[in-house]
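For reference, the structure discussed in these notes is given below.
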Amino acid sequence: MSNTITGAQAVVRTLEALGVEVAFGIPGGVMLPLYDPLYDSKVRHILVRHEQGAAHAAEGYAMATGRVGVCMATSGPGATNLVTGLADAHMDSVPIVAITGQVPSGSIGTDAFQEADIRGITFPITKHNFLISRADDIAEALVKAFHIASTGRPGPVLVDMAKDAFTGTTTWRWPIELDLPGYRPTVTPHFRQVREAAQMIVAAKKPVLFIGGGTAKARAADEVRALVDRAQLPVVGTLPARGILPRSHPLNFGLAGMHGTVAAVGALQQTDLIIAVGARFDDRVTGQLSSFAPNAKVIHCDIDPAEISKNVTADLPIVGDAKQMLIDLERNLADLELPDWTDWVAYLTSLAERYPVSRGEAGDGKLQPQEVISRIGEIAGPDTIFVTGVGQHQMWSAHFLPHEKPYQWLSSGGLGTMGYCVPATMGAKVGQPDKVVWGIDGDGCFQMTNQELVTCALNGIPVKIAIMNNEVLGMVRQWQTLFYNERYSATNLHTDRLPDFVKLAEALGCVGLRCESEEELDDVINQAMAINDRPVVVEFVVSKDAIVWPMVAAGTSNDDIKYARGMAPQWREDQS
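Under my numbering, think of the first position of the sequence shown as 1293, with each following residue one higher.
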């Protein structure tokens, strides 16, 4: 297939050939040549209200579908408004491609109207980026961008296109052969290293399988389950790995790290072997690095060799795809006699029973957010896709939502981006229109990106958003409570229902509901569940004094975990 078309038409035709279903964006001056052929394209364009929303929506779409998400923005401020979303996708390894317009190539470097060096700005927060000044280079650059974004360790790729690249002509051909000699991610783990890993496991007395977001990106839930069931290994995981092993599995000891379970943190601190798969040992997991897992040998498998031994030194490094590594490891263990780790598992089970995650205490008579989130999860059910903002509600959602099925949990992990929830929920619903999609947000996060609910209302995207309204920046206030003598500087958001979230929801084209008591709780959630033709926003008026426990204070040792205010677990009392 060959014909002469404009560069803008080449963009659209290439996106169609790549199977792109939807793009989130906002047009602008230099993008007008692109938006004209997009008008007739089978690629659905969703006009967002802010470019940050476009980037987060692309993330949500990618996370929910496993495909590459696409966002678009014009030059200058349009492109710079994508930066937070690109940084978020980079930290959480989310495959998105951002297409930005740039001033004409002859004007680059002259400080022309709405010029910004978006390549330079995003160099540290993209997996790769391109500047295209000729129409002939467009199709190849886009094919490379999608390949780079979705292979190896996934991540965001930016393609910046000068206006004259859009308006110039080119001869478009398909298919396009990739030529990326410098890009060859290692996918297949080395068989000798996997065999050695199996031997280290059978020699261990207290092994722990530590799974991270890489297992979700690799779509490796079945392989995790197979390995765990064969070897009877206890499992702990990072925030992005929620749902990879069902929460109800008896060997799943939950979330590791700063707000992890006592059992998960205790397992890592007392293990003699960590089998880390697709996890990067970030500071929120390790706490004070010098005291992390002091007696453990470490097997570290990651598709990104730069992550191995970056923070925690690996005794056995394995570079490769998480799914393939788990398959190979399980196959190797099948040929070995496995030890009986019953006592170790029983000890961790006792920790989980003695030190459950706090479900809140009676305080000011308002709803406890932990109970609200639990009931949303129970009523919505395990088939629901859950998306969160960042803060206390994020941690409670990680603990109390069902998490029985994989790839149905979306949250901003590495960057901790307030404002992620609403647009990411929108993107997830676009990608999985037949699924119920709930966003669990805080009143602080919600006020950063709630304008995308207009996008949802106008485009028939019936998301459900729960606002945990405690009238404060909850996680920051929690730190002020614990570490700053209750000096609440700049954390009170509003009083007297300003804004009134029900009225605001209605103004944005949504159904607005409010719940203020436990007696109303189930009824209001069920009302929201029954509305499927419009977006629904439910304000839950919750206590501002609720605190996320357990907690490891920043910079301290995981050994100093508290499961309630001033209360430390006696987790070594049964261990020699």
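Even glycine gets a Cβ: it sits at the ideal position worked out from N, Cα and C.
task: Return the residue from the list GLY1711, ILE1668, THR1709 that minimises the CA-CA distance to LEU1693.
output: A check of alpha carbon separations from LEU1693 across GLY1711, ILE1668, THR1709 identifies ILE1668 as the nearest.
message: Quick check on this structure: which residue in ASP1613, MET1821, MET1364 has the alpha carbon closest to the alpha carbon of LYS1727?
response: MET1821
task: Using the DSSP secondary-structure output, state which residues sit across from TRP1464 in a beta bridge.
output: ASN1295
- request: Might you give, ordered along the chain, the residues of its own chain that have their beta carbon closer than 7 Å to the beta carbon of MET1492, omitting 5 neighbours on each side?
  value: LEU1565, LYS1589, ILE1591, LEU1608
- prompt: Roughly how many whole angstroms lie between the Cα atoms of PRO1631 and ASP1837?
  reply: 46 Å
query: alpha helix (DSSP H) containing ASP1514: first to last residue?
result: 1513 to 1523
task: Determine the direct distance from the alpha carbon of CYS1713 to that of TYR1776, and round the result to whole angstroms.
output: 29 Å
query: Does DSSP classify ALA1720 as helix, strand or coil?
result: helix
- request: Rank MET1859, HIS1348, TRP1636 by C-alpha distance to the C-alpha of ALA1720 and give the top, closest one.
  value: HIS1348
- prompt: Taking just the CA atoms, how far does LEU1659 sit from VAL1834?
  reply: 5 Å
task: Determine the burial state of ASN1544: buried for a count of at least 16 other Cβ atoms within 10 Å of its Cβ, exposed for fewer.
output: ASN1544 counts as buried, since no fewer than 16 other beta carbons sit within 10 angstroms of its beta carbon.
query: Going by alpha carbons, who is nearest to PHE1483 out of SER1703, VAL1729, VAL1611?
result: Closest by C-alpha distance to PHE1483, out of SER1703, VAL1729, VAL1611, is VAL1611.
message: Please report the straight-line C-alpha distance between ALA1690 and GLY1529, rounded to a whole angstrom.
response: 11 Å
query: Going by the CB atoms, is the gap between GLY1345 and ALA1869 shorter than 8 Å?
result: No information on residue 1869 is available, as it lies outside the stretch 1293 to 1868 that the chain covers here.
query: Can you tell me whether TRP1636 is buried or exposed, with buried defined as 16 or more other CB within 10 angstroms of its CB?
result: buried
field: Alpha carbon of GLU1622 to alpha carbon of ALA1489, nearest angstrom
entry: Roughly 10 Å separates the two Cα atoms.
query: How many angstroms separate the CA atom of GLN1580 from the CA atom of LYS1854?
result: 15 Å
- prompt: If you count every other CB in all the chains shown that lies within 10 Å of the CB of THR1634, and 16 or more means buried, which is it?
  reply: Looking at its Cβ environment, which holds fewer than 16 other Cβ atoms inside 10 Å, THR1634 is exposed.
query: What number of angstroms, rounded off, separates the C-alpha of SER1868 from the C-alpha of ARG1539?
result: With a pLDDT of 45 at SER1868, under the threshold of 50, the modelled position of this residue cannot be trusted; read the value that follows with caution. For SER1868 and ARG1539, the distance between alpha carbons rounds to 29 Å.
task: Helix, strand or coil for TRP1701, going by three-state DSSP, please let me know.
output: strand
- request: Would you kindly check if the distance between the Cβ of ARG1789 and the Cβ of TYR1780 is under 8 Å?
  value: Cβ distance not < 8 Å, so TYR1780 and ARG1789 don't count as in contact.
task: Identify the continuous beta strand (DSSP E) that holds CYS1748 and give its terminal residues.
output: No beta strand (DSSP E) holds CYS1748; the alpha helix (DSSP H) holding it covers 1744 to 1750.
- prompt: Does DSSP put ALA1390 in a helix, in a strand, or in coil?
  reply: strand
query: Under a Cβ-count criterion, where at least 16 other Cβ atoms within 10 Å of its own Cβ denotes burial, should PHE1415 be classed as buried or exposed?
result: PHE1415 is classed as exposed because its beta carbon has fewer than 16 other beta carbons within 10 Å across all chains shown.
query: Which parts of the stretch 1324 to 1351 are runs of the alpha helix (DSSP H), unbroken and 4 residues or longer, counting only runs that do not cross its ends?
result: 1324 to 1330
task: Tell me, please, which residues DSSP counts as bridged to GLU1831.
output: ILE1759, ARG1806
task: Assign THR1298 to one of two classes, buried (16 or more other C-beta atoms within 10 Å of its C-beta) or exposed (fewer than that).
output: By the neighbour-count criterion, in which 16 or more other beta carbons inside 10 Å mark a residue as buried, THR1298 falls on the buried side.
field: Reduced DSSP category for SER1868 - H, G, I as helix; E, B as strand; rest coil
entry: For SER1868, the predicted structure reports a pLDDT of 45, less than 50, and the residue's modelled location is therefore unreliable. The matter cannot be settled from this model.
task: Decide if ARG1305 is buried, meaning its Cβ has at least 16 other Cβ atoms within 10 Å, or exposed.
output: buried
message: Please give the ranges of any beta strand (DSSP E) in the stretch 1470 to 1544, keeping only runs that are unbroken, at least 3 residues long and fully inside the region.
response: Taken in chain order, the complete beta strand (DSSP E) segments of 3 or more residues contained in the stretch 1470 to 1544 are 1499 to 1503, 1527 to 1529.
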